[in-house]
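Worksheet for the structure shown next.
Numbering (this note's numbering), first residue to last: 5 to 213.
Below, the structure is given as structure tokens:
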């Protein structure tokens, strides 16, 4: 059986087993969109860290351009990690965080939680293919921990700085197929550049009932 299609139930929801060439807990990686410098994803097993580099003009409006390290999921899921954008001098709106996406098309419906280079943190989402992106902002700036949770059509995110307790940033209702993609997204917000983010303490599990 093709490894991508082999499925396993874990904690009450469905995960596809990763294909050969998987990156840590993820089944693959892709440059989404066009007119962007190629990105990359690396996994340091000793440190349990993912270093993701992405180009792209933006993840916004009616199409996206970024690098995506992903796995296929089905059902309710909770995604969490620490995240840090490396380096200085990039666009203030370069972004890094978690994303759940219907397809790997540039104009796919999706929802994410991302921290920007200037500290702005928000949930972004596109309700229909080719539709405009909407946003829910949190007043908490510069967090280094992000959580994105899906329960049916309900998507909620939490953020925290350092050892602070997680605080809910917002919630939306969005219809995505049961089977979708979930993973780490990095966008340079500048098609001539690449930006890199470091993700640690990455956890992919079932959403609590």
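Glycine residues also receive a C-beta, built at the ideal position from the N, C-alpha and C atoms.
Treat the numbers as computed from the prediction; the structure is a model and nothing was measured.
> Run through DSSP, which three-state label would residue 130 get?
Replying inline: strand
> Which class does residue 210 belong to by DSSP, given the choice of helix, strand or coil?
Replying inline: coil
> Alpha carbon to alpha carbon, what distance is there between residue 138 and residue 97?
Replying inline: 15 Å
>> Measuring alpha carbon to alpha carbon, tell me which residue in 152, 133, 203 is nearest residue 170.
In response: 152
>> Within the continuous beta strand (DSSP E) that includes residue 30, where are the two ends?
In response: Neither: residue 30 is in no beta strand (DSSP E) and is coded neither H nor E.
>> Please identify the residue among 209, 148, 183, 211 whose C-alpha is closest to the C-alpha of residue 86.
In response: 148
>> For the stretch 75-95 against the stretch 26-34, do three or more pairs of beta-carbon atoms, one drawn from each stretch, fall closer than 8 Å, so that the two count as touching?
In response: yes
> Thinking C-beta only, is residue 208 closer than 9 Å to residue 81?
Replying inline: yes
> Roughly how many whole angstroms lie between the Cα atoms of residue 140 and residue 174?
Replying inline: 7 Å
> For residue 37, does the three-state DSSP call read helix, strand or coil?
Replying inline: coil
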